[in-house]
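Structure record follows, encoded as structure tokens.
Protein chains in written order, with my numbering: chain F, 11 to 226; chain A, 4 to 776.
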């Protein structure tokens, strides 16, 4: 099996890979098969991968809207203070000339979750509608998504710290807003979504393509 | 791949919906709900026009109602005509029902001025816009007020109007204070149309509405009220705020449950101060026409404490009675009943009585007294003409003290025991015979045991200074007793008999006389020669008392002798007893009382009757005994007294049968009356025609041829003088002389008289039937 040759997947060869212990074993064609080594149930691909990812991604998308509309944090300094949404916070930082911090917050809290979700949707659509794309590029994008996703928690981490540290009564108080909950939900759900998405599905498309070509 | 015919195992159909879809459904539900809420709670946009945009910031300035955030200024623009600004405000949907055409908006800013600090909270929280919900149709365009509006009658709470002569230091927002609680404030004020009065509109908070009754009184509690007097200072202020900002005090005039609840728009008078506010109940008292009762000045005093003031004085139609309206404090209401008594206390001052010094400055005062019974509704009284006797039925011991004169006496004068007040003088009056003063004394129940029959009271008023060669001694009971007077007592015998209610005691004039055992008495002598401390008082040779002190009297024309009689000689101290000083007499003509040369002079007396008395004017000499009890008393008349004097013997044939008991000028002053007492047994010798002659001295006659002839009755009569008499013969002697018969005293004897030798039977003691030849 060379790189340039038509790709043959393990599934085509009736080979299972145990998700738990990664043992490769042959399909015995019974309905429910168990790993010979660890006894786990065997699947060719992540179970319901596409459905689950879709559901998680849609949920995330809904929550992402509210995470950006509602205030994420209220800073009350000497009795004065207004709740800030994520974007207004970034703008405020930028206004005060703190561009590096504004950039970090923007990337971590706005750009990354948005791009991540967009990427996931892109991949889902790719698999779902069997778009013809470069599988290699798509896999790279998937890897990026899984890697960068966890860093979105940076913003929440900052808020959590500030809320606990800055509680000086009438002088200064920071309280979290409802968006914090939505935002954290988005981050967690997108991480799950990235996990449930099985990148092998991308490759299955090419295998299928090959089969189709072969049939033709 | 499958070349055999075996059927392929089919994967389970995925017809059923995966559970994972619950997640997006839930998310969709939450989202949907949030969107619904956002739509439902979408802020209502209103516009409010302000004169100035100062202190209003778009996106910052909040709208608060009763302190709760209900909106926020979202935008602010200058009005098209460049006058004022228009703020666009996002109002909470829930506030929609308050956005009516008459709703008023205004900006709350911090305000710091001399008269008040308000909106302090906005210094930290920023200015905010607030509103008062009005009525009318729903509206979205409003014009803001320049300052907070006054409360409208529709607001819950009480809206009252006060009429005042001037505004004082009141300002909008000045608190209305009830028992130092702020129960409301001044809403606004305005001059009346005629400019004579100021109307002040008050708002009383709903929770305090019940405190204001129709008979409540309001007074201007602004600033600090300081009243000073001899008795101290009274500083009255309601609160720090009211000092700076002015304030209005309110108090019910009576108990809380009287008076109807106040209604909106009720009008009240604003009084100048607390006292003027008639802060209490009003009573009407009729007084006789007496100068000094002044409205707003004359105080009403209860047991020395000012509790009220005369509010108003009027005179009746016939101009005979002052009708005074007196304001008493609310707590007095519990005690005012038909037995309450009022009278006038006028200031009194004299050298000996400095009582009522306070009233001298404060002017006439009205005193009142209450009895313990419960209140009733009687509010009209007639003043007593003089102060009543207080505490007459108070528990304790009631005594009567007798004294001739007091240094000072006043009602309420304290009775001290070892300088502790144990009672007081309730009243004083002249005794029935006007001879002494009777004091009604009251001893408090817990001190009753200190008084028994041996108790001695003395007047501890003023300062007692005893001066002498051996130093100066100043004695005073207490400073207050100097000024106010006091009565002190001590009880020498603790075991003496217990006294009964209304027992009589003598009040001694000073400490010393009270402490000398016995009955103190006072003599007034013309001169003090021979009198000194320790001089005895003797009767029939027996000492019955001693002189304690001798001093000049006030007018320096006599001597005051204080002496003590022995208890056994109590009977001596009677009004008619006559005292005199017995001195030794040693002279050519008379020697008497030689014993006093050794024992010293003494005071003796002639017992008399009458009431008990303790002050006597001593006689200059022993009293003239005009009538001896026994024997015959006759009167001789003579042109000259010659050497006849009291005690001179009267002899018959050289035998002393009587003596001269006294002499005096006749009323017509043309002769001397000589009182003679003839001893009883010689009484028959004196007959109607008996002749009396002066047998004093020597009668020396010279006859040229007969030699000298010396006539004398006796040597004694030569020295001391004497009177002789003779009675003619039986036929001429006449009848027995009667008591008080008058005879002429001849200056010399007629020789014929001594030849008379009548036989007169005498009944001599022990020698019956014997005759004098």
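Beta carbons: idealized from backbone N, C-alpha and C, even for Gly.
| query | result |
| --- | --- |
| Roughly how many angstroms lie between the CA atoms of residue 41 of chain A and residue 142 of chain F, to the nearest whole one? | 42 Å |
| Shorter than 7 Å, the distance from the beta carbon of residue 145 of chain F to the closest heavy atom of the ligand GTP, or not? | This structure lacks the ligand GTP; in fact it carries no ligand of any kind. |
| Could you tell me which whole alpha helix (DSSP H) segments of length 4 or greater appear in the stretch 71-147 of chain F? | 96-105, 109-115, 122-139 |
| Going along the chain, which residues of its own chain have a beta-carbon closer than 7 Å to the beta-carbon of residue 744 of chain A, five neighbours each way excluded? | 637 |
| DSSP three-state label for residue 25 of chain F, please. | strand |
| When the Cβ atoms of the stretch 427-435 of chain A are set against those of the stretch 533-540 of chain A, are three or more pairs found closer than 8 Å? | no |
| Can you check DSSP and say which residues form a bridge with residue 581 of chain A? | A/609 |
| Let me know the beta strand (DSSP E) ranges lying completely inside the stretch 510-559 of chain A, each 3 residues or longer, listed in chain order. | 522-528, 539-542, 545-555 |
| State the CB to CB distance for the pair residue 265 of chain A and residue 165 of chain A, rounded to an integer number of angstroms; the pair is presumed to be in contact (CB under 8 Å). | So it is not a contact: roughly 12 Å between Cβ atoms. |
| Please confirm if residue 69 of chain F has its CB atom under 8 Å from at least one CB of chain A. | yes |
| What does residue 290 of chain F reach in chain A if we use C-beta pairs closer than 9 Å? | Not covered by the structure: residue 290 of chain F. The range shown for chain F is 11 to 226. |
| Just checking: is the beta-carbon of residue 61 of chain A within a distance shorter than 8 Å of some beta-carbon in chain F? | no |
| Which residues of chain F have a Cβ atom closer than 9 Å to the Cβ of residue 196 of chain A, listed in chain order? | Residues of chain F passing the Cβ test: none, with the nearest at roughly 46 Å. |
| Residues of chain F with CB under 9 Å from residue 34 of chain A, in chain order? | 72, 73, 75, 76 |
| When burial is assigned at 16 or more other CB atoms within 10 Å of the CB, is residue 453 of chain A buried or exposed? | buried |
| Rounded to the nearest angstrom, how far is the Cβ of residue 102 of chain A from that of residue 143 of chain A, given a contact under 8 Å? | 7 Å |
| Whose Cβ in chain A lies nearer than 7 Å to the Cβ of residue 61 of chain F? | 21, 23 |
| Residue 108 of chain A and residue 147 of chain A - do their beta-carbons sit closer together than 8 Å? | yes |
| Starting from residue 654 of chain A and walking both ways along the beta strand (DSSP E), at which residues does that stretch end? | 652-655 |
| According to a CB-to-CB cut-off of less than 8 Å, which residues of the stretch 41-62 of chain F neighbour chain A? | 41, 58, 61, 62 |
| Taking just the CA atoms, how far does residue 325 of chain A sit from residue 403 of chain A? | 36 Å |
| Checking 8 Å against the spacing of the C-beta atoms, do residue 72 of chain F and residue 22 of chain A come in under that value? | no |
| Return the first residue and the last residue of the alpha helix (DSSP H) that residue 40 of chain F is part of. | Note, residue 40 of chain F: premise wrong, no alpha helix (DSSP H); not H, not E. |
| Determine the burial state of residue 422 of chain A: buried for a count of at least 16 other Cβ atoms within 10 Å of its Cβ, exposed for fewer. | exposed |
| Counting only Cβ pairs nearer than 8 Å, list the residues of chain F close to residue 110 of chain A. | What residue 110 of chain A touches in chain F: nothing, since even the nearest Cβ is about 17 Å away. |
| Give every residue of the same chain whose Cβ lies closer than 7 Å to the Cβ of residue 270 of chain A, excluding the five residues on either side of it in the sequence, and list them in chain order. | 164, 166 |
| By Cβ distance, which residues of its chain are closer than 8 Å to residue 735 of chain A, with the 5 residues on each side in sequence left out? | 692 |
| May I have the straight-line CA-CA distance separating residue 92 of chain F from residue 74 of chain A, to the nearest angstrom? | 13 Å |
| Taking beta-carbon pairs under 7 Å, can you tell me which members of the stretch 67-92 of chain A lie near chain F? | none |
| If contact is defined by three or more beta carbon pairs under 8 Å, each pair taking one atom from either stretch, is the stretch 489-508 of chain A in contact with the stretch 442-460 of chain A? | yes |
| At which residues does the beta strand (DSSP E) containing residue 192 of chain F begin and terminate? | From DSSP, residue 192 of chain F is part of no beta strand (DSSP E) but of the alpha helix (DSSP H) over 188-206. |
| When you compare the CB of residue 147 of chain A with every CB in chain F, is at least one pair closer than 8 Å? | no |
| For residue 208 of chain F and residue 39 of chain F, I'd like the C-alpha separation in whole angstroms. | 22 Å |
| Give a yes or no on contact between the stretch 51-69 of chain A and the stretch 62-76 of chain F, applying the rule of three or more CB pairs nearer than 8 Å. | no |
| Less than 8 Å between CB atoms is the rule here; does residue 40 of chain A satisfy it with respect to chain F? | no |
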